[in-house]
Structures are given as structure tokens and as C-alpha cells.
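J.: The UniProt record's numbering numbers the first residue of the sequence shown as 1 and each following residue consecutively. Glycine included, each C-beta is placed from N, C-alpha and C at the ideal position.
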Amino acid sequence: MSANFQTEEFPIWALVPKKETGVTNFLVKNPSYDGRNVTIAIFDSGVDPGAPGLQVTSEGKPKVIARYDCSGAGDVDTSTVVTIEGNEIKGLSGRTLVIPSNWKNPTGKYHIGLKNAYELYTKNVQKRIEEEKKEKQWDPIHKPLLSKSIFEQQQFNNENDSTKITLTRNQKLIKDDLDSTIDALQNLEKKYKFITPVYDCVVFHDGTQWQACLDTSETGNLASCKLMGEFSVDPLNNFSYITASDRMSYSFNIHNDGNLLEIVSLGSSHGTHVSAIAAGCFPDEPEKNGVAPGAQIISLTIGDSRLETMETGTAIVRAMIKVMELRKKFNIDVINMSYGEHSNWSNAGRIGDIMNDVVDKYGVTWVASAGNHGPALCTIGAPPDISKTTIIGVGAYVSPDMMAIDYSMEQKLPATTYTWSSRGPTIDGARGVSVCAPGGAIASVPGYMLRGSQLMNGTSMSAPHVAGAAALLISGLKANKIDTCPYLIKRSMENTALYQEKIDHFSQGHGLLQVEKAFDYLTQYHTEQESYVKFIISCGIKGEKGIHIRNASENHIIKSVVTVEPVFLYNEDIDAKHKIEFQMSLCLISDDSWISVPKYLELMYMARNFVIKIDPSGLHSGVHTSTVRAYDTKNSAKGPVFTFEVTVVRPLFANNSSFLSFDNIVFEPNSLIKRHFVLVPEKVTWATLHIQHFEPDVCANFCLHTVQLLPQKSCKFMEYCKMFKLKANEFQAHFAIEENVVLEIALAKYWSSSSNIKISYKLQFHGVTPLNRSIAMYHGMGLQTVTLKPGIKNEEILPAVSLKHLITVLKPNEGKIIALSKRDIIPPHRPIYQLILSYTFSLSKSTEAYATCGLFGELLYECEYESQLWMLFDSNKQYISAGDAYSSRHVYKLDKGDYTIKMHIRHERRELLEKIIEIPIQLVQKLQNQISLDVYSSHHQATIFGKKSSSLVITPNSEVVTLSIGSLPNDKITSLKLTAGHCLSGNIVYAKDEQGKKVDTYDFKYFITDSLKSKNGPKSVDESKTKLEEFNEAICEAKTNWLTKLDYGPDSISLYDKLLEEFGDKNSSVHISWIQCIEPDDKRKFPNCSIKDLDLEKLSLIIAAADSVLSIINQNDLLAFYGIKSDQRPEASKLKTTNDRLKNNLIEALNRKGAALSQLYYYNYVNTKKTNENDLQIIDDIWLQVTSYISPDSDSKSFNYFNIWHAAVYQNYGRVMKILLKMLDEKYVKDIENCLLWAVKVKFDDNESKHLVNAISNALIAHYPKTFRPF
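1) Pull up the distance between the alpha-carbon of Pro1018 and that of Leu1012, whole angstroms please.
2) Determine the extent of the beta strand (DSSP E) in which Gln799 is found, giving its start and end residues.
3) Starting from the Cα of Val1209, find the closest Cα among Gln1159, Lys1197, Val989 and give me that residue.
4) Going by C-alpha distance, which of Leu522, Val435, Leu726, Gly374 is nearest Glu494?
5) In chain order, what residues of the same chain have a beta carbon less than 7 Å from the beta carbon of residue 1273, not counting five sequence neighbours either side?
6) Would the beta-carbon of Asn676 fall within 8 Å of that of Pro375?
7) Tell me which residue opens and which closes the beta strand (DSSP E) that residue 1297 is part of.
8) So what does DSSP say about Asn221, is it helix, strand or coil?
9) Taking the alpha helix (DSSP H) that Leu855 belongs to, which residues open and close that run?
10) For the alpha helix (DSSP H) containing Ile1261, list its first residue and its last residue.
11) Using a Cβ distance threshold of 8 Å, determine whether the stretch 1221-1236 contacts the stretch 1162-1182, with at least three qualifying pairs required.
12) How would you write the range of the alpha helix (DSSP H) that Val358 sits in, first residue to last?
13) Starting from the C-beta of Met1, find all residues in its chain whose C-beta is less than 8 Å away, skip the five residues before and the five after it, and write them out in chain order.
14) Based on DSSP bridge pairs, tell me the residues matched to Cys378.
15) Judging by CA-CA distance, which residue of Ile1008, Val623, Lys638, Gly622 is the nearest neighbour of Arg629?
16) Between the C-alpha atoms of Asn1258 and Ile195, what's the straight-line distance to the nearest angstrom?
17) On the DSSP bridge assignment, give the partners of Cys983 in chain order.
18) Within its chain, find whatever has a CB closer than 8 Å to the CB of Ser1068; leave out the 5 residues flanking it on each side and keep chain order.
19) Just how far apart, CA to CA, sit Tyr720 and Val707?
20) Go to Met584, then tell me how far its beta strand (DSSP E) extends in each direction, as first and last residue.
21) Thinking Asp333 and Val364 are a contact (beta carbons under 8 Å), I'd like their distance in whole angstroms, please.
22) Could you name the residues of the same chain whose beta carbon sits closer than 8 Å to that of Ser875, not counting the 5 residues immediately before and after it, in chain order?
23) Would you call the CB atoms of Leu266 and Thr122 closer than 8 Å?
24) Quick one, which of Tyr886, Val641, Pro681 has its alpha-carbon nearest Glu308's?
25) Please look up how many angstroms separate the CB atoms of Gly381 and Gly371, rounded, as I've assumed it's under 8 Å.
26) For Asn87 and Ile917, what's the separation of their Cα atoms in angstroms?
27) Tell me where the alpha helix (DSSP H) around Trp1205 begins and ends.
28) Could you give the DSSP three-state label for Glu1079: helix, strand or coil?
29) State the DSSP-derived secondary structure class of Pro1018, mapped to helix, strand or coil.
30) So, with DSSP's three-state summary, where would you put Phe506?
31) Leaving out five residues before and five after Phe239 in sequence, what residues of the same chain have Cβ atoms less than 8 Å from its Cβ?
32) In angstroms, rounded to a whole number, what distance separates the CA positions of Pro59 and Lys328?
33) What alpha helix (DSSP H) runs, 4 residues minimum, are completely inside the stretch 6-54?
34) Out of curiosity, what's the CA-to-CA distance linking Lys1058 and Pro1270?
35) Report yes if the CB atom of Tyr833 is closer than 8 Å to the CB atom of Val891, and no otherwise.
36) Compute the distance between the beta-carbons of Ala882 and Leu894, then report whether it is under 8 Å.
Put into C-alpha cells, the structure is as follows:
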């Protein structure tokens, strides 16, 4: 039975909202003002030129006309130049690359490089491709191979049941090999199934332009790969997809005469979605269009994929350089930047200064997202919060139509701004948000998402709406031959925005953008004398962008000096006549009685000051804001020519009470946010907010956001933010607070919650106050005293110190300053210099770690240096990870081994870089086990190591409480191998309350001031020896040690002969050193070597030296010694030291002899193809001898080496693989991995192992790069 029903036409026009701001009506009236002749620069994570709606404009022109990865993440060093031989060149991968006959290269010279494929993918794409490869390429081969090996193992075990028969030695070896094969196959899958493909890169000049090709075939078949020039030369054709299944678009830019290839891919879907909102064009489905379908796009990637698309100073500055360079060529009139971070201050910073230059000197309208960090005030990010108010900051608005269509909500609610949209004012008083616009859309996403579009929301989506609107306005102005100016564009939007009283003032700015009215404003007032002038507002002695009084608790008038300075667009180039003629008679107005401003201001081309008076005495508690507006008395109808904000907070007082209550607070659809400002009383350190709701049938989603603003710290430094669902129960929040600082409590019902709800909440204060908020304790102090002041109520304390991290200071071992190339020169002639510093360190065990530079920590937009980025490499130069100003976000699990950190810092003043060329950094490692220090309630108990501090109640009337913290025991320092300069960091807590322990914590650092030696007792002295005998032994030891450092040759032979003559018959170490001289660890030959590489003479020498060791050491005596369970003799310690040395020498000699005999056997077998059972038996006997002293599973490098050869001569290739894989777990070594590849090839048929061969071959390229990854 079917139902008959009618459906309405789906409102596709609402997927990318445009009606709300008048865009739809504007384009109906002015279809040719759709953004044509305007280009929007998208500062983001990259734009996919193949995404729906991003192919062409409304005029059929290419939509995306240039793509640049400004981060450097896609850079490939192609400075290696090779010449074609026949039709082939050798790639850096070692593959033979076949040059197609249709490639034109007059010089025959090719630049080559390498790129790991996964460096071009997002993490999600990488995961998808890995799973696809596993399913289609790995599992179909590997699972049958593993199954076959298990069957062979079971068949052997059934035929040779060790419980019924005694296995022969040969049978044991076969069984071990079968078991090892299965272990190896399982380990191979773990280690190699997800190895990154590695692509050869080829760059050349065809006589007309630079061309590049990525060998995605991985076989050297370049004819099957796309040859492309730079994207901007032919945007419709000069991009491709890495593979057909990944749909990850990529393109090229080529720098430095072919020596640097820039591969542009995508860091996330964000930039594509943003571009589709701003300028998407669907010629056949115009209702899906973005705001400005006629505009073109230039993609400038600032999100660094090495940092999970976090922006860097390098990327932002390069993007700005590109805008400056290409401003006229590509008609770049608008920048959209849906990116940003919170700055600790906004009145300074190199990046912000250059941003101002882009607007002021190049006339580009810059639009930026305000941020998604609401609902508390002062949460605007940078940009727009930089030193000047030149950037249009955009808040996120949601309309009833968006709720119904984009979010599929059953009930339409009143229009509002999103709960999470960042709020003004900025900390230094500016409005922060210029206008608001729709902050959600169902728009295009990159092809790699395997979908055409999706819903995203954020101020990231509202900013491109305004950027697209700016393109419409500029397009219309150009069509009417009207010059454009970013100041006037911004003023037109602000003066015509629709301010809505029922929407939160701080999130909507001047109101909802109105495109039609803004265009009318521009066409009507573009001839006014201030049309190309911005007005720089500086308030107070700090020159802030507005007036923000966070604690107006006293009832007295506050005066502030306000400076207004007019500055022309292209100020340095403007004709003097315009400056002389500029003069305005202004009327200053404020609608609020608590603000007094002068009525008039005569303004000319100079800075003028006036005084504003603020009287908060009549204001109730809460936040109060007013806009001071300046009108041109000759034409007030055009609205204010400039404005600035005054924000005053009148806090509540606890009046020495430990709590504040807020009862029966009602939240309705039009009343979404309740703000309370509390001056935190003295003697408290943390707080709890208890929220109660007693209506069982009603629930709603809430966001609690608390913020305290501290000097030169961002809003994130002292905040708590939590989303929660409130049902008929209680929600509790616990957070740290700072005494005598105003605390904002913003409790917001989530924008999509329709319920009317009544709640009550109570703010409870807690804590005792330490005199020192952070403690630095030095080993050797003995005790650290801590003094606590009582709180405002009874507090139970239980002090505890926990050290969690080890901090090591690393000094650079190399520093180099270089002048950068063309893409890093700020127009017209401002070169940027780069300082590259190298640091090295070693880890004795695996741990989590990150690096940080104190000079630049937590600084980006406000930093006086342009950029700081570090990259971490292993001992083979393989890239591992990266970090930036926010290093603690980039914590990585590192294996034991040797590492190198490369850090770069950039600035255009070389002398500043020279001053920091020796700057140290800190390596922060997580301790495997936290360390606790003893805390005592008195100095007396601490000095006698007596009773430790227990819980204690401190009353408000108590005297101060003094605690003593004991030092770290010396044996702990030695066991952790801590040395002078090391620092242990963690925290100290005082509260006994479990929640208090989590939030009320204080930094604690413990510095190691000297290096301690382990307590092994004094070195034993053999009194029977004369000083001369001791001297001769020391000489022998020194010579023996030096023998291992010499290269094999006449000098080492001569030294060995002399040592042999003096000590050869009684000192086994002489012969061991000689063996190590003949065959150093890094020159050992593995079974995959050619027999030509085997030096028979050296092998004979090794065997002879090993036999000498064996003749010196009495193995029966050695075995007898180790058979003693408990040696009570006085000289037991000395005997153990002596016998341990002899044992190690014996094992080393046996291993070396066994390996040498195996190589001789291998040499004879290859030449004669005959086996010699006697020789095999001798080799096996040595192996059994070794395993009588150490386990067959020992990690001894020497034994592993012999074990590999032993397995190889017995053709136990499963055992060879297992041993090699174990060695690779310790450290990647190219010779070992090459041998593994050989073992796989000889063990399995080609069809059985092709997946393994491909994976290991790729690993051999990826694991051992020839150079460090470029910045």
C-alpha cells in the first residue's frame, strides 16, 4: 500500500544562505556585479580546483587561478641535476625513470627530488588509502602466505612431535625456522603494511616554461604520470590527482631556477568549503552558488600539514608577499582568512604589522573570522585583533531558515548568533566584530572527502560570506568606474548593518551585513574626502584601540585621553595637496549619560587629542557598553566617519562570603546568555559552580564559559569552558581563579535549544593561598619552605608534590643565517633572512617528548620574529614530527635513539638573528613514573626524616602555615641518570578535595645542580701490583682502546704486533680490539652481500685472533665461577669484574669466529654449489657454545650478527628475517633492511612476496633520506 503525498520543492537556495544579507536581491537587480573582475585570496588550508562549483566563474573563466602552499610543507629539494642517458635518468629513489619521447628538454638536464606520498595527504585520506591498500594489495597475498606458513609449521609438528620423540639438532633448526617464519610474517605486517609510497620528482625547463612530474607509478613509468607546468599558467589543466582512488588534487610551483619544487595539495576540507561559500559557481544550478559566483580565487595555503594545518608565521608572511606581488596581475581585491589564534597582546607583532601594510599600502580588503571561542567576552582572535582596526572581523549568525533547512530543525527559533561565536570587545577595547553573517552552509568540499558537499559551521563560514559580499561591492564599483578603498568598504558595511536588539551585542558587531545598503552607501559617498582615509584611534597611555574598564568597582569619574589620527590609503604616495586640503568638522556623540565627550572636534591631517569622561557610579552590576560616534557636521546622513567603543564592567562583590547565589534564572529563546561579573575576593584560589534544575520534563544544552583576564595573557590563559546537557539534576564545574581579578561567568543556553528553562546556581569559593605561586627548588638546598595563608572558610589540605617531566636544555651545535630567495622578499625590496639552528640529543628509552623555545613560547601574531618552526629527525635524517610556538600541542612518542632538531627563525633584520644564533631550547620528556617529594608539617620533622605531613584543616583565623619539602634522594638522581642542568617539572597541590587537586595546581621545578656518581664503592686496588705494573696495564688499555679507532692498515697492524709482543699471550682484550679494528660494526657484511665483497684475508685474521682469545680464556674455570650461587670471598667483587670481562671477550670472540667461518662457508658454497657438513657442524658448535653463556634471544649485536650468518648458511631464512626485524626494532639501519629485503626474496616466491618486496623497497627510500626535509 503506497501513500500519496505531495512534496514542496527543496529550498536549495538556503544551502549557502544569501537572502539574510540581501545578496540574493542584490544579484537579481545587478547580475553583472557578481564578483567579476575581482579575485579573492583565500588564506586557508588549500582549495581543490576540482571541487563542485570551483571550476569556472559565471563568465566561464577559470575559478581558481593560482595555488600556492606558503607553509613549505609541500617543498621538495630538487637541486640535484642529472643528465639523460638514452631515454633514462636515475631518480633519487634509485629507480630508473624513463623519459617519454614527447617531453621537450633542450638541455637534457633534469632536476630530481623525492617526496613521501603521505606528506601530501590529510590523516583521514592516509588512513583510507592505507586501508584500501591493505584490503586490495596486502591481505590477498599476505593472508594466504601466512596461512601456508602456519600449515607447514603444523605439518612438521605433527610429523615430529617433540613430546613423543627427541628432535635431532637439524630438526630443531627446521622447527625454529618454521616458527620464526610465522613470527617474521606477523612482524612484517605490523612494520610494513602501512609504509608510505615515495615518489620521484622530476623538474625541467622545456625552453618556454618550467615543467614537473610526480612519478606516482612508483616504477619509473613517467609516461603514465601527468606532466604539468605551474598551475597559474593553465589552471584548468595544470592539476591532477595523486591516484584515482584518493582524489587528492595537487599542482606545482617551481622556484630558484628549478632547485625547489613546491607541491600544492590540501591540508583539510576547510579551505575548499570556505571558497565555495565566498565564490562557488554552478552555471547549471545557480541556486547553489556562493555569494560572488563571478569572482575568481587564488588559494594561499597557510595551514601547515606538518602541524595538523596550524598556521605559521612563515606561511602567513609568504601569503601576504604573494598578494603584494600579484595584486595587480590577478586583481586581488579581497583576502579571506578564516584562521587565527588568540594573542597575549595585540599592540605589537611583526605579522600584524605586515597585515596592516597589505591593507594600507596595497588597498586590499581583508576579512577575518572573529573566532569560535564564545560565549564569554573578550574572546576575539587574531586577526582581526591586531594593532590596528583595519581588518573586518565577522561573527557567526544563524537565521530561522538556516535552522529549518541546513540543520533540519523541526522548530524555527528566533534569529541569533551562534553560542560559540567569539565576542568582543577585544582586551584592549576595540569592538572586535565588525558585522555578522551566516555562519553555516552546506557547500562544496574536496574530492578526497568522497562527497560533493557537507554542512560546516563556524565564523570560518561567516567570514567568506562577507568576503564574497566585498567582492560584489568592489565588482559593482569597478563597473561604475569608482575607485575602491578597503577603509570605505569596511565603513559601508558597518554603517549599514542591521543591528538587532534581541541578539547579543558583543557577537553581532554593528549588526547583520546588508549588501544592498552597503553598495548604496559606497556609490553615494565615495566622493567624500574621508573615503580613502582611515582613522587610527588610540586610547589612554597604552594607545589601546578602545576603552575597556574591566573593574569599575569604585564610584569615581575615569578620564581617558583619546587620540584620532587620519591616515590616507597609499599614504606614502598620496599627493601633498590632498593632505593639506583634508579638514573635517566633526560632532562627537554618545547616547549614554555615563559617558561625556566633547561636542566638537576639528580634524586635519594630524593627530588630535580629546578627553572622554566615564562615570560608572550610577551603573548596576554587569557589563555596559557604548559607542562613541564621530559625524561629519556637513553630512551627518552618511553615518559616523569613525567610532570607538567604551566597555565598563561593574562587578559583584562576595563581601567576604565564600559563595554567591543566583536563583531562578530564566532562559528563553530570546534570552540565551546570562553574564555575571564577580570580583574574586582575596584568599581564594579555586571555585565551584553548582547548577541546579528542578523541572524533570525539560532539558537543554548549555555552555558554561568563565574567563579572567590577566596582564599580557590571552583569554585562554585563565578560562574554563564546558558544554553540557542539563536535565533534572545538578551540574558542577570546578576551575582555578585569581584573587582580586574580575571573573566573568557566561552561562549560555545553546542556540539550537528551544526549551524555556529556569535554573539556579551557586558560586562557591575555595582554597588557601601560597605566598609563592611557583616554586623552583635546587638540589642541595636540603629543604624548600612553603608558606600558606588561610582562606575565607575552613579548608582541609593535604600537600603533595608530583614531578612529571624531565627538562633538558639543548644548545645548538650549528647555526647558520642565510638570505632567502624571491618568494621570501617583501615587495619591493625587503629580503627576509633565515636562521637555521641544529640540536642533537639521545634517548636511552622510549618516552613522550616535545621541544620548546622559551623566547618564542605561545607567541605567533604578537611575536616580534616572523616565524619559529622546529622539525625532529631520527639518526637517519628521517622526518618524525614538527612543532611551533605552541609546542606543547605537539607531543610525540619517541623510541630510544639519537635525534636531531632543526629550528628556523625568520626576520628581515639580520642583526636580530645574529643575537640569537646560540639560543638554547628545552627538550621536555615525560617521566615513565611520576616522582613524589616528601612534604613535612615542620622543619623539625623534615630534618630527622620523621612524620610526613597529613591532612590539616586551616581555618580563616589560623596563622600562616609553613611546610617543608624534602629534597630528592641521591639514589633517585643516579638511577634516573640526572646530571647538572637537568630540571624535573611538575606541580604542587594543597587541597585534599579531589576536584581541587585537579584545578588548583602550582608549578614546581626541581633543578639538579651537580652530577652524582653511583655508589659502587671505591675502585679496588690490587696491592700486590707495583706502580710500574699498574702503569703498564694502563698503557696497554689505552693502546688497546686506540686500536679499535684506527682503520685497518699498516699503522693498526704495527700497533697490534707490538701489543701482541707485549701482552698477546695473556690479554684477550688485545685480540678483541684487533678484531674490531679489522671489521668495525658499521662495515660488517651481511648475507645479501656479493662474494666479491668478502675479504678472505681479513676473515682469516679474525678467526686467528678469535682463536687466540679462546686459548687465553679457560672456559672451564669461567663456567665454574658462574656456577657459584653466592660468592662470600673478600675479593668476590674484583673476581666478578674480571670474569665478566673475560666472559664478554669470550662471547665476542666466539661470535666473530662463527660469523667469519659462516662467511667463508658461504664463499665456498657460492663458488662450488656444494655443502660441507663438517664446516656446518663447526659453525653450529660455536653457536651452541655461545648460547651456553647467553640466551638465544639475546639482544647482543655481536650475537645477532653471528646468528644471521648461522641461519643463512643453514638456509633458515625465516630465522634470518626474525633476527633482522628484531634489530630493526632497535634502530633502522640501511644494511640490515637491505638484508631483510634479500631474505624475503630468497625465502618466498615472487608472487608470494611482491607486496613485501614493494613495501620494504619503499621503506629503504623513506627511512634513509639523503638530506633533511626542507623548511
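T.: Inspection of the coordinates gives the following:
1) Within the sequence shown, numbered from 1, the residue matching residue 1018 stands at position 1018. Within the sequence shown, numbered from 1, the residue matching residue 1012 stands at position 1012. Unreliable placement is indicated for Pro1018, whose pLDDT of 47 sits below 50; the coordinate value is still reported in the next sentence. Going from the Cα of Pro1018 to the Cα of Leu1012 covers about 14 Å.
2) Working through the sequence shown from its first residue, we reach residue 799 at position 799. The residue asked about is misnamed: residue 799 is Pro in this sequence, not Gln. Looking at the DSSP string, the run of the beta strand (DSSP E) that includes Pro799 is 795-810.
3) Counting from 1 along the sequence shown, the entry for residue 1209 is found at position 1209. Comparing Cα positions, the closest option is Gln1159.
4) For this step, residue 494 is matched to residue 494 along the sequence shown. The shortest Cα separation from Glu494 among Leu522, Val435, Leu726, Gly374 belongs to Val435.
5) Residue coverage of the chain in this structure runs from 1 to 1271, which leaves residue 1273 outside it and unanswerable.
6) As a first step, residue 676 must be located in the sequence shown, where it is residue number 676. As a first step, residue 375 must be located in the sequence shown, where it is residue number 375. Looking at the sequence itself, residue 676 is His, so the reference to Asn does not match. For His676 and Pro375, no; Cβs fall outside 8 Å.
7) This structure cannot speak to residue 1297, because the chain is shown only from 1 to 1271.
8) By one-based count along the sequence shown, residue 221 stands at place 221. Reduced to three states, the DSSP call for Asn221 is strand.
9) Residue 855 sits at position 855 when you count from the first residue of the sequence shown. Element bounds for Leu855: n/a, residue is neither H nor E.
10) Position 1261 of the sequence shown, counted from the first residue, corresponds to residue 1261. From DSSP, the alpha helix (DSSP H) with Ile1261 extends over 1246-1262.
11) no
12) By 1-based counting over the sequence shown, the position of residue 358 is 358. First-last of the alpha helix (DSSP H) with Val358: 350-362.
13) Walking along the sequence shown from the start, residue 1 turns up at place 1. Note that Met1 scores a pLDDT of 43, beneath 50, so its modelled location is shaky and nothing firm can be said.
14) Position 378 of the sequence shown holds residue 378. Paired residues: none, contrary to the question.
15) Walking along the sequence shown from the start, residue 629 turns up at place 629. Comparing Cα-Cα distances from Arg629 to each of Ile1008, Val623, Lys638, Gly622, the minimum goes to Lys638.
16) Position 1258 of the sequence shown, counted from the first residue, corresponds to residue 1258. Position 195 of the sequence shown, counted from the first residue, corresponds to residue 195. Distance between the alpha carbons of Asn1258 and Ile195 is about 7 Å.
17) Position 983 of the sequence shown, counting from 1, holds the residue named residue 983. DSSP, once it has assigned bridges, lists Ile807, Phe1007 as partnering Cys983.
18) Here residue 1068 refers to the residue found at position 1068 when the sequence shown is read from its first residue. So the list reads Ser1108, Val1109, Ile1112, Ile1113, Leu1142, Asn1145, Leu1146, Ala1149, once near-sequence residues are dropped.
19) Mapped onto the sequence shown, residue 720 falls at position 720. Mapped onto the sequence shown, residue 707 falls at position 707. Distance between the alpha carbons of Tyr720 and Val707: 7 Å.
20) As a position in the sequence shown, residue 584 is number 584, starting the count at 1. 583-589 is the span of the beta strand (DSSP E), which, as asked, contains Met584.
21) Here the question's residue 333 lines up with position 333 in the sequence shown. Here the question's residue 364 lines up with position 364 in the sequence shown. Between Val364 and Asp333 the Cβ distance is about 6 Å, and since that is below 8 Å, they are a contact.
22) By one-based count along the sequence shown, residue 875 stands at place 875. So the list reads Gly897, Asp898, Tyr899, Thr900, Lys1227, once near-sequence residues are dropped.
23) Reading the sequence shown from its first residue, position 266 is the one you call residue 266. Reading the sequence shown from its first residue, position 122 is the one you call residue 122. Against a cut-off of 8 Å, the Cβ pair of Thr122 and Leu266 comes out as a contact.
24) Residue 308 sits at position 308 when you count from the first residue of the sequence shown. Among Tyr886, Val641, Pro681, the Cα nearest to that of Glu308 belongs to Tyr886.
25) Counted from its first residue, the sequence shown places residue 381 at position 381. Counted from its first residue, the sequence shown places residue 371 at position 371. That pair is a contact at about 4 Å.
26) Within the sequence shown, the letter at position 87 stands for residue 87. Within the sequence shown, the letter at position 917 stands for residue 917. About 47 Å.
27) Here residue 1205 is taken as the residue at index 1205 of the sequence shown, counted from 1. Unbroken alpha helix (DSSP H) run through Trp1205: 1197-1209.
28) By 1-based counting over the sequence shown, the position of residue 1079 is 1079. Coil, per DSSP.
29) To locate residue 1018, count along the sequence shown from 1; it is residue 1018. Bear in mind that the predicted position of Pro1018 carries a pLDDT of just 47, short of 50, making it too unreliable to give a figure here.
30) Numbered from 1 along the sequence shown, position 506 holds the residue referred to as residue 506. It is helical.
31) Counting from one through the sequence shown, the residue named residue 239 turns up at place 239. These residues qualify, in order along the chain: Pro49, Gly50, Arg67, Met228, Phe231, Ser249, Tyr250, Ser251.
32) Looking up residue 59 in the sequence shown gives position 59. Looking up residue 328 in the sequence shown gives position 328. The sequence given here places Glu at residue 59; Pro does not occur at that position. If you take the alpha carbons of Glu59 and Lys328, they lie about 20 Å apart.
33) 23-29
34) For this step, residue 1058 is matched to residue 1058 along the sequence shown. For this step, residue 1270 is matched to residue 1270 along the sequence shown. Distance between the alpha carbons of Lys1058 and Pro1270 is about 50 Å.
35) In the sequence shown, counting from the first residue as 1, residue 833 sits at position 833. In the sequence shown, counting from the first residue as 1, residue 891 sits at position 891. Result no, Cβ atoms of Tyr833 and Val891 do not sit closer than 8 Å.
36) What you label residue 882 is simply residue 882 of the sequence shown in a count that begins at 1. What you label residue 894 is simply residue 894 of the sequence shown in a count that begins at 1. No. Outside cutoff.
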